[in-house]
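Right, one structure below, let's go through it.
Protein chains: 4
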Amino acid sequence: MEVNIGVIGYGYWGPNLVRNFSETAGFQVVAISDLDEQRLSVAKTRYPAIEVTTDFKTLLSDPNIDTVAIATPVSTHFDLALNALKAGKHVFIEKPLTETAEQAEQLIAEAEKRNLVLHVDHTFIYTGAVRKIRELVDKGDLGELYYYDSVRVNLGLFQSDVSVLWDLAVHDLSIMDYIFPLAPTAVSATGSSHVEGRPANIAFLSLFFENNAIAHLHVNWLAPVKVRRTLIGGSRKMVVYDDLEPSEKIKIYDKGITLNGNKEKLYKALIDYRAGDMWAPRLEISEALRVEAQQFMRCIVEGEKSPSDGKAGMRVVRILEAATRSLNERGQPVELN
Amino acid sequence: MEVNIGVIGYGYWGPNLVRNFSETAGFQVVAISDLDEQRLSVAKTRYPAIEVTTDFKTLLSDPNIDTVAIATPVSTHFDLALNALKAGKHVFIEKPLTETAEQAEQLIAEAEKRNLVLHVDHTFIYTGAVRKIRELVDKGDLGELYYYDSVRVNLGLFQSDVSVLWDLAVHDLSIMDYIFPLAPTAVSATGSSHVEGRPANIAFLSLFFENNAIAHLHVNWLAPVKVRRTLIGGSRKMVVYDDLEPSEKIKIYDKGITLNGNKEKLYKALIDYRAGDMWAPRLEISEALRVEAQQFMRCIVEGEKSPSDGKAGMRVVRILEAATRSLNERGQPVELN
Amino acid sequence: MEVNIGVIGYGYWGPNLVRNFSETAGFQVVAISDLDEQRLSVAKTRYPAIEVTTDFKTLLSDPNIDTVAIATPVSTHFDLALNALKAGKHVFIEKPLTETAEQAEQLIAEAEKRNLVLHVDHTFIYTGAVRKIRELVDKGDLGELYYYDSVRVNLGLFQSDVSVLWDLAVHDLSIMDYIFPLAPTAVSATGSSHVEGRPANIAFLSLFFENNAIAHLHVNWLAPVKVRRTLIGGSRKMVVYDDLEPSEKIKIYDKGITLNGNKEKLYKALIDYRAGDMWAPRLEISEALRVEAQQFMRCIVEGEKSPSDGKAGMRVVRILEAATRSLNERGQPVELN
Amino acid sequence: MEVNIGVIGYGYWGPNLVRNFSETAGFQVVAISDLDEQRLSVAKTRYPAIEVTTDFKTLLSDPNIDTVAIATPVSTHFDLALNALKAGKHVFIEKPLTETAEQAEQLIAEAEKRNLVLHVDHTFIYTGAVRKIRELVDKGDLGELYYYDSVRVNLGLFQSDVSVLWDLAVHDLSIMDYIFPLAPTAVSATGSSHVEGRPANIAFLSLFFENNAIAHLHVNWLAPVKVRRTLIGGSRKMVVYDDLEPSEKIKIYDKGITLNGNKEKLYKALIDYRAGDMWAPRLEISEALRVEAQQFMRCIVEGEKSPSDGKAGMRVVRILEAATRSLNERGQPVELN
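Chains as they are written, first to last, in the working numbering: chain A, 8 to 344; chain B, 8 to 344; chain C, 8 to 344; chain D, 8 to 344.
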C-alpha cells in the first residue's frame, strides 16, 4: 500500500520531513504547501515531481492525499490539524501538539471519532539513545528512579510567540513521557525574559512525582555554549545522556549509595558509596525521523498504537501550560492531574 | 606583629586552615582542639610544636591566643563563635556562618561591640577565577547582568544535619554575594530526599532580582559525575566558569544578541545574534586559602574590611533559610528582606 | 561568463563537488560520469537536468564543457588529468594529485603549455581555521616556527591501493605547504600494516626543516577514537587546532619559554616559562569547498594563481613518495633535494 | 622486621619517597641527604625525627641503614648506586636507571653478587590503570597486539643534562616493558632542540616488534597543553588510556576490523568494521608509590622478584641509548641487541 502525504510548512523542519518521508518505503510525498513562495521554489528545485502551493486547503481537499504532516508555528497547529482530520486525513504534527490541553483533547476526540491516526513528532523518543534508556528503565537496570535532570541550553533562535519552555523543554517532557513509568503530580517553574515584552528566554522547571522522584529541566536561549546533557539517577545505576557526544551518548555508571541497616550507628556510617564500572552501550544510529516515519506507517497501515500519539502530546502540553502559569507566579507550584 | 591563632576542629577542613595559617607571615598557630583524640594525634605528628586539646575552652581562656578559627559542624557555629567573641578573640569561621540569620545578627553585633574581626570562610571569593569575574563585572565588560546559572553536582558526602543547599549552594551564594551588584528579592527552591528521614540531597534554587536578572543553583549529592560549571550571561559578554578545568577556568565569550530598533519589522528581524572571539584570561594561581589568610591578617592588623565579613555571611544564611522554607513548599516563592 | 563543468567520479566525494559547483555562481554542472550505473542513477534523481554517462570520454570530447573535476582513485588521476588537459579542459582534481612527482611534473607542463588551470583539491586550506593560522604565521604572531605536530586518527576506510600516508597525511602536508614559509629538507617515516599484503594502516612521518623546525604527522586507520588535533609551536605563541571542536577550532596560547641572557647562571635559571591568556578567534564558517570553488572560478576567469595549483600538488606528492621509501626502510631518512 | 631506609636527594621527587616510605608498614626513614642545605631544612621541619646531612656517604657508612633510595639526577645514578651496593645496601633508584646499558649491567651484576635488591622506580607500572591494562593483555582480551601509541606532552621542565626522551619517553618505555609480551627489535627516533646547545626538547620514537606490532612515543616539553594519552590497538579490542581523566582513565572499545575469508571479492568487501560497546573498568585508586613501596618491601623481606628490577631498568636504558643515536641520525633505524 502506498500512502500519499502532503506536507504543510517548508520552513526549518519541513525539509527534514519531506526528505524522510520521500525515502521511507510506503510513503509518497505528493504536495507541499507554504505561505512563502521562496521556500516553495527551494522545494521545487530539489523535488521537481512534487506539487507546491501557497494554499494548504489544496492539500486538504485533494482526495488523493491520505495524510498530512504539519510543520508550522504552534499557534496554527490546532486549526490546521482539526481541518485535516475533518477532511479525513491522518495527521503527523510537530511538537508541541497545541497551545492548550483543551485543544489537544478536541483533536484526540476528532481523530478517534474518525478512526484516524494522530501522531505527534516527539522526535527524540525515536533516537537510539532514548530507546536504550527506556530499555534500561523497563528492565529495571537503574532500580527505583530518583531523578531526571536535564540541561538544554544554547545561543538559540528566539521565538516570537512562545517561551523557551515550549521550544526546548518540550523535548525533555516528551522524553520523560516516554521513559518514566510515573506521571508528575505538580510543577514549579521559574524564568525570565531579557527582551522587553517577550516570553521567557531562560527557564527552570521542576516536576514532582510520587515516591520522592523529581525532575528538573534547565533551558536557555541565551547561553554562550551549547549543552545537551541529562543525568538520570536510580537506586541501582545512574545514566549520563549527552546528546552532543558523537558516539558515546549514553554512559551508565555503576555508582550510587547503599544504606546499611544499622540505624543505631552514626548517620555517616549508614551510607556507603559505591563506585564501579562505567559502560557505554553501542546505540542504533538510524536517523530518528526515519524510524519515526516507519512507526507512523505502521500506525496507518497496521493500526499500531503510536508511542507519541495525541494523548502523549496532550500530556506534554498540559505540563507546559501549568509550567507557564507557575513561571508567571515565580515558582508557585501548580498541581497536575 | 605576631597573631596567635587557635584552631577549633581538625576534621576535613581544619588541616587546611592549620597548614595555611602556619605558612602565612604574621600568624602563629599555637593550639588545636578537636573532640576526637585520633585527629589530635594526627595533628601532633605533623606539628609537634602546636598544643592540642579536646577542650576548646582551653583555647578561649588562653590570653596568649588572639584569634580562633572554627571548622566544626554548622550546628555548633553560633555557640563557639559567640563564646570566642565574648572571650575577646577575633573569629575566622567556616561557612555557612550560622543556622539562622538571627544568630548571624547576634554575632555581628557582638563583634562590633567589641571591635573584633568576624570573618566567614567564603573560600571561593579568594580564588583567581572569582576575583577575575568580579573584575569583569566591575569594569562593566559583561554589560547588564542577565543571569547566573550554576551546576554543582557530584557523588558527595551526604551530611546528616543539613541539606545539600547548606553544603553546596552556599558556595554559589557566597560567590554571587561577592560579584553581583544587586541583592535578590525573592527565592524559589525545589528538591528531594532519597534517604528516608534525611534532608534534601538534590535541590534547585532560583533567585529573583530587579531588572529581570535571575540566578539558578543546581546542587546534587547523588550525581554520577562531578560538575562545577557556571554560566553568567550579560548584555555584552557571557562567561563560562568551569572550576574543574585545570587552567582555563574562565572563558569569556563575545556572544549574545543585539536588538535593532525597527519595531515595525517582524520579530525575528529584531534580534541579531552575535558570535565573536572567546578569551581565557590568565588567572592568579595562588591557593585561595592563602590569599584569604592574608586578607584576614589585614583585617586584624590594619582594620581593613573583610569582603566576607559577618554581614556577607548573614546575607547568605538568610537566603538559605528562605530557600529551605520554599523547598518544603515545593517552590512557593519566599520574599527576602 | 558561465563555466560549464563535467564531474568524473560520483563516489564518496563527487557528490560534494557537484553540490558545491551547482551552487557557486558562474559554474554550471552539465555532465557526470561514473563507471557505476547505480551511482549515476542516484545523481540523476537528485539532478534531473544533468547528463550522466559511464564513459568519461564523452565529457572530454564535449566542446560545450570547459572544465572537468576529477574525483576518482589516485591511480587514475594521471591519465584522466592528462587527457582532460590535452582535450583543452581546465582541471580540478582530488588530492593527492598523482602517484609520482614525475607524473605531477608532466601535468604541470601540459597545463602551462596550454594555458589551462590545474587546481588540486587541497580542501583544508580553504577552511576558516587554516586560513586563520596562515594569517597568524604571516603576521609573525607566532614568532619563529618551532614545530607542526598533527594527530589524525580514526577507525577509517581502509583503502586498497594506497597507504594511510596517501589518504590521511596528505591533508597535513597540504596544510603545511600552505602555512609554512619553509620547505622540508628530508623526511623519515615509520609505520606498519596489520592486514596481510596491504599497505601501512598506521604511520608516523617526521619532516626536517632548516633552523631546527620539525614537523610530525601521526596517522592511523585503526584507532578506537577519532582525533584531529594539531599543535603548532612558535617562539612567541602556540596554537592548538582541533578540527573536531564545533566552534573553537583554533586556540592561541600566549605560552612558551624565554631565554634570559645570563649564560653564567645555572641552566635552569636560563629558561623562564611564560603562561598568559588563551584566545580563540571567531572563524569564517563558510563551507571550504564553496570558498575553493570560488577561488577556482577566479583562476579560470581572472587568471588568479591558485594556492593549491599543480606545483603545490607536486610538492605534496614528492614528500609522500619519499616518506613511502623511508617507511619501507624503517625510518631511514630520505633527502628532499 | 623493620627496614631502615636512607633517602639520597630531596629535590622534586625525594619528598614523595620520604612520605610514602614513612607511611608504609615496615619501613623507617632514618636519614636524608641532599647537597642543598635549604632542602634539608624543609625536610627537618616536616620530619624532626629524621637525620639530615649534606654528605650521602654518611648514609652509606651507617650500619643501621639497610636500604637507600636514590632520587638524584641521572648522571649521578651509577656512582651512587654502585657505592650503595658495595656498602651492602638494597637500592631503590629513580628512572632511568643509568646513563648507559653497560652501567646498568654492572649494577645488576653487583646486586646479584651481593644478593641485594636493585629496584628501579618505574612508578607508572604500579598504578591501577597500567596494572589493569596488563591484566587485559595477559587474559588475551585485546587479542594480538597491533600498536602502542602514546602522546606525552606539556610545557615542561627543560632539563639541562638529558633530552626529553630520557625524561618523558622513559615513562612509556617502562610501561611497555611491563605490559608488552614482546621485546622491540629496532628503534627509529627523530626530534629537535629549540634552545641552542641543548638536547632535544621534542622527540618522536618508533619501536619495531616482530609480527608487525609497532610502538610510537611522542614527547614534547614545549607544548601549550598537557596531554597524556595512549592508544593500544589489538585484534580484538582497543584501549584508550588517558591519565588526565580524573576517574575513567581506561576505556576499552569493542571496535576494530574483521577480515572475511573470501579473497576473491574486492578488497573493501574483505574488511568489516566492528563498533560495539565501550567499557571503563573501575580502577584501584591506591597511590602508585605506596603500592610500589610495599612491593619493594616484599622484595627485601620475602625475596620476591621486582617487576621493575635492574634488568627492566636496563632494557629501558638500552632503548633510550639506541633512540638517542637514531635521533642524531634523523631517524636512521638502530637495531636492539
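Glycine included, each C-beta is placed from N, C-alpha and C at the ideal position.
All figures in this text were calculated on a predicted structure; none of them were measured in a lab.
Does DSSP put residue i in a helix, a strand or coil?
i: A/N218; result: helix
i: B/S57; result: Ser is not the amino acid found at residue 57 of chain B; the sequence shown has Ile there. Reduced to three states, the DSSP call for B/I57 is coil.
i: C/A76; result: strand
i: D/V226; result: strand
i: D/A207; result: coil
i: A/V158; result: strand
i: B/N71; result: coil
i: C/A94; result: coil
i: B/S213; result: strand
i: B/D148; result: coil
i: B/H84; result: helix
i: C/P22; result: helix
i: A/R141; result: helix
i: C/N344; result: coil
i: B/F187; result: coil
i: A/R337; result: coil
i: B/E299; result: helix
i: D/V177; result: helix
Taking 7 Å as the CB-CB limit, is residue i close to chain G?
i: C/G283; result: Absent here is chain G; the protein component of the structure consists of chains A, B, C and D.
With a 10 Å radius around its C-beta and 16 neighbouring C-beta atoms as the bar for buried, classify residue i as buried or exposed.
i: B/L251; result: exposed
i: A/E271; result: For A/E271, the pLDDT reaches just 44, beneath the cut-off of 50, and the residue's location in the model is therefore unreliable, leaving the point undetermined.
i: B/R159; result: buried
i: C/A38; result: buried
i: B/E142; result: exposed
i: B/Q166; result: buried
i: B/L189; result: exposed
i: A/D41; result: buried
i: C/D156; result: buried
i: D/N27; result: buried
Could you check how far apart the C-beta atoms of residue i and residue j are, in whole angstroms? I think they sit under 8 Å.
i: C/L149; j: C/G283; result: That belief does not hold up - the Cβ atoms of C/L149 and C/G283 are roughly 14 Å apart, past 8 Å.
i: A/A319; j: A/D184; result: 5 Å
i: A/F99; j: A/H126; result: 5 Å
i: B/S213; j: A/F211; result: 6 Å
i: D/I209; j: D/V234; result: Contact flag wrong, Cβ pair sits at about 13 Å.
i: C/A222; j: C/P191; result: 7 Å
Going by Cα to Cα distance, which pick from the options is closest to residue i?
i: D/A91; options: D/A76, D/W20, D/L327 and D/L24; result: D/A76
i: B/K102; options: B/A330, B/V323, B/E328 and B/T331; result: B/V323
i: D/T331; options: D/E294, D/G147, D/P206 and D/D316; result: D/P206
i: C/A88; options: C/G16, C/R46 and C/E203; result: C/G16
i: C/N122; options: C/N161, C/K312, C/I72 and C/R236; result: C/K312
i: D/N71; options: D/L180, D/G33, D/V202 and D/V10; result: D/V10
i: D/A193; options: D/I182, D/H201 and D/F216; result: D/F216
i: C/S315; options: C/T130, C/E44 and C/V232; result: C/T130
i: C/F63; options: C/R325, C/T79 and C/L327; result: C/T79
State whether the segment 166-178 of chain A contacts the segment 214-232 of chain A, with contact taken as three or more CB pairs (one from each stretch) at a distance under 8 Å. Because the criterion of three Cβ pairs below 8 Å is met, the segment 166-178 of chain A and the segment 214-232 of chain A touch.
If we count Cβ pairs, one from each stretch, closer than 8 Å, do we get three or more for the segment 301-311 of chain A versus the segment 102-120 of chain A? No, because fewer than three Cβ pairs between the segment 301-311 of chain A and the segment 102-120 of chain A fall closer than 8 Å, the two stretches do not touch.
Stretch-stretch touch, CB-based, cutoff 8 Å, three pairs: the segment 329-341 of chain A with the segment 323-341 of chain B: They touch, by the three-pair rule.
Closer than 8 Å is the cut-off here; do at least three beta carbon pairs connect the segment 128-139 of chain B with the segment 280-298 of chain B? Yes: at least three Cβ pairs fall under 8 Å.
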